[in-house]
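Heads up, the sequence shown is in full-length UniProt numbering, so the first residue is 1 and it goes up one at a time. Quick reminder that beta carbons are idealized off the backbone N, C-alpha and C, glycines included. These notes concern the structure reproduced below.
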Amino acid sequence: MYIGVLTVPLGNESLDDALDYLSSIGVSGVELGVGGWPGEDHVDRTSVLGDDDAQADLLAAVEERDMQISALATHNNPLHPDEETAAEADDELREAIELADALGVDTVTCFSGLPAGGPNDEVPNWITAPWPTEHADAHEYQWEVAIDYWSDLAEFADDHGVDMAIEMHPNMLVYEPTGMLKLREATNERIGANFDPSHLYWQDIDITEAIRFLGEHDAIHHFHAKDTKVYDHHAKVKGVLDTTSYADTADRSWLFRSIGYGHGEEHWKDVVSTLRMVGYEGALSIEHEDALTSSNEGLEKAVDVLSRAVFETKPGEAYWAE
1 MYIGVLTVPL GNESLDDALD YLSSIGVSGV ELGVGGWPGE DHVDRTSVLG DDDAQADLLA
61 AVEERDMQIS ALATHNNPLH PDEETAAEAD DELREAIELA DALGVDTVTC FSGLPAGGPN
121 DEVPNWITAP WPTEHADAHE YQWEVAIDYW SDLAEFADDH GVDMAIEMHP NMLVYEPTGM
181 LKLREATNER IGANFDPSHL YWQDIDITEA IRFLGEHDAI HHFHAKDTKV YDHHAKVKGV
241 LDTTSYADTA DRSWLFRSIG YGHGEEHWKD VVSTLRMVGY EGALSIEHED ALTSSNEGLE
301 KAVDVLSRAV FETKPGEAYW AE
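Right, here's the structure in full:
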């Protein structure tokens with residue numbers, strides 16, 4: 001297991017400068033945005049995909065700093081009812097898979113996407129309750145659309161030897177662990193989770209139990225190290241389905257926080273330990289989205305906590321059990 005960073009917050013720096021900085025603070029891996037909402041500040045997906053020299057330069061820049069690429073990231077909505085929007089997202093995903101294959105990277109992080117509530121609707125529709133019954137019908141329709149799309153993409157990913165790590169995210173069809181497992185079982189084992197606890201905390205999901213649940217099915221392909229704090233002052237009045245702007249920090253029921261500012265070090269040590277119990281030994285990729293501090297300070301504080309939580313060696317023999 002090792003500490004990584006999704007480099008999006010450092011997008012105003014060159015890749016070399018970002019890598020130098022991350023290496024200096026104890027980071028061993030990077031998750032690189034190649035499209036969608038993460039953007040492609042550090043990797044121009046289409047140009048690098050067709051350029052062997054650019055690929056070699058990218059790998060050399062990472063490897064000469066004793067780092068590795070944990071994943072390529074392209075988060076968008078390939079199930080969008082607008083055909084042009086969906087096609088763009090699909091192109092991003094397929095090209096990200098091809099680029100990952102070319103670079104020897106085994107994972108692409110993404111979203112499940114979210115369809116409309118019916119074939120004639122124009123906007124995505126996040127269904128959170130089965131009543132009135134038209135919502136249940138809409139949800140069934142959405143799963144039909146999703147399974148059809150992801151079955152094909154899962155085969156494409158398998159042809160390239162790349163895992164698809166889907167972030168369970170609100171306003172996407174897959175936003176919690178049982179939905180994640182449903183999509184995996186309907187497609188193939190290339191489909192799994194980019195396990196980001198920040199979206200699960202405010203849903204009152206127990207993080208270590210969710211890790212065990214997905215881990216039992218080998219369904220964790222990547223991990224985002226990102227914290228969330230629920231503020232009861234607001235949550236007890238308006239709940240946690242909060243549409244207040246993320247920038248209005250004092251008025252929200254919950255906020256994304258830097259590691260250690262939503263849950264303490266003991267919790268994160270338990271998370272890391274549970275990940276090891278289920279066999280996950282990949283990146284703890286820090287995603288900084290804390291509106292109360294700068295990117296650099298948030299990243300450095302997260303690395304500080306995780307450096308004491310992460311296991312850097314393989315387990316020894318349980319000599320005491322012999």
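If you check the beta carbons only, do residue i and residue j fall under 8 Å apart?
i, j, result
"residue 78", "residue 149", "yes"
"residue 181", "residue 217", "yes"
"residue 1", "residue 284", "yes"
"residue 112", "residue 146", "yes"
"residue 9", "residue 288", "yes"
"residue 174", "residue 108", "no"
"residue 345", "residue 196", "Here the chain has residues from 1 to 322 only, and residue 345 is not among them."
"residue 198", "residue 227", "yes"
"residue 76", "residue 36", "yes"
"residue 220", "residue 280", "yes"
"residue 50", "residue 11", "no"
"residue 138", "residue 188", "no"
"residue 110", "residue 93", "yes"
"residue 26", "residue 307", "yes"
"residue 249", "residue 292", "yes"
Nearest to residue i by alpha carbon, out of the options?
i, options, result
"residue 120", "112, 113, 141", "141"
"residue 202", "319, 21, 242, 74", "242"
"residue 310", "109, 43, 275", "275"
"residue 31", "24, 42, 25, 21", "42"
"residue 33", "27, 26, 21, 48", "48"
"residue 28", "209, 55, 67", "67"
"residue 260", "299, 19, 139, 89", "299"
"residue 85", "52, 122, 24", "122"
"residue 22", "322, 321, 319, 297", "297"
"residue 183", "267, 151, 200", "151"
"residue 263", "229, 278, 238, 236", "229"
"residue 16", "58, 89, 104", "58"
"residue 200", "236, 143, 240", "240"
"residue 312", "272, 318, 6, 267", "272"
"residue 143", "91, 186, 6, 52", "186"
I think residue i touches residue j, with their Cβ atoms under 8 Å apart; what is that distance to the nearest whole Å?
i, j, result
"residue 384", "residue 290", "The structure shown has nothing for residue 384, since the chain only spans 1 to 322."
"residue 172", "residue 114", "5 Å"
"residue 166", "residue 207", "17 Å between Cβ atoms; not a contact."
"residue 95", "residue 45", "6 Å"
"residue 160", "residue 101", "4 Å"
"residue 19", "residue 55", "Contact doesn't hold; Cβ gap of about 16 Å is too wide."
Go through its chain and collect everything with a Cβ distance to residue i's Cβ below 7 Å, but skip five positions before and after it.
i, result
"residue 135", "127, 129"
"residue 193", "165, 166, 168, 180, 214, 219, 220, 221"
"residue 247", "291"
"residue 105", "69, 71, 72"
"residue 238", "253"
Who are the near neighbours of residue i in its chain, counting only those whose CB is closer than 6 Å to its CB and skipping five residues on each side?
i, result
"residue 177", "210, 213, 214"
"residue 70", "4, 29, 31, 283, 285"
"residue 157", "97, 164, 190"
"residue 302", "258, 259, 286"
"residue 321", "none"
"residue 235", "253"
"residue 90", "78"
Does chain C have any CB closer than 8 Å to the CB of residue i?
i, result
"residue 107", "As a matter of chain content, chain C is missing from the structure shown, which is built from one protein chain."
Could you pull out every residue in the same chain whose Cβ sits closer than 8 Å to the Cβ of residue i, ignoring the five residues on either side in sequence?
i, result
"residue 265", "305, 308, 309"
"residue 88", "76"
"residue 231", "252, 253, 254, 255"
Is the number of C-beta pairs between the segment 120 to 137 and the segment 54 to 73 that are closer than 8 Å three or more?
no
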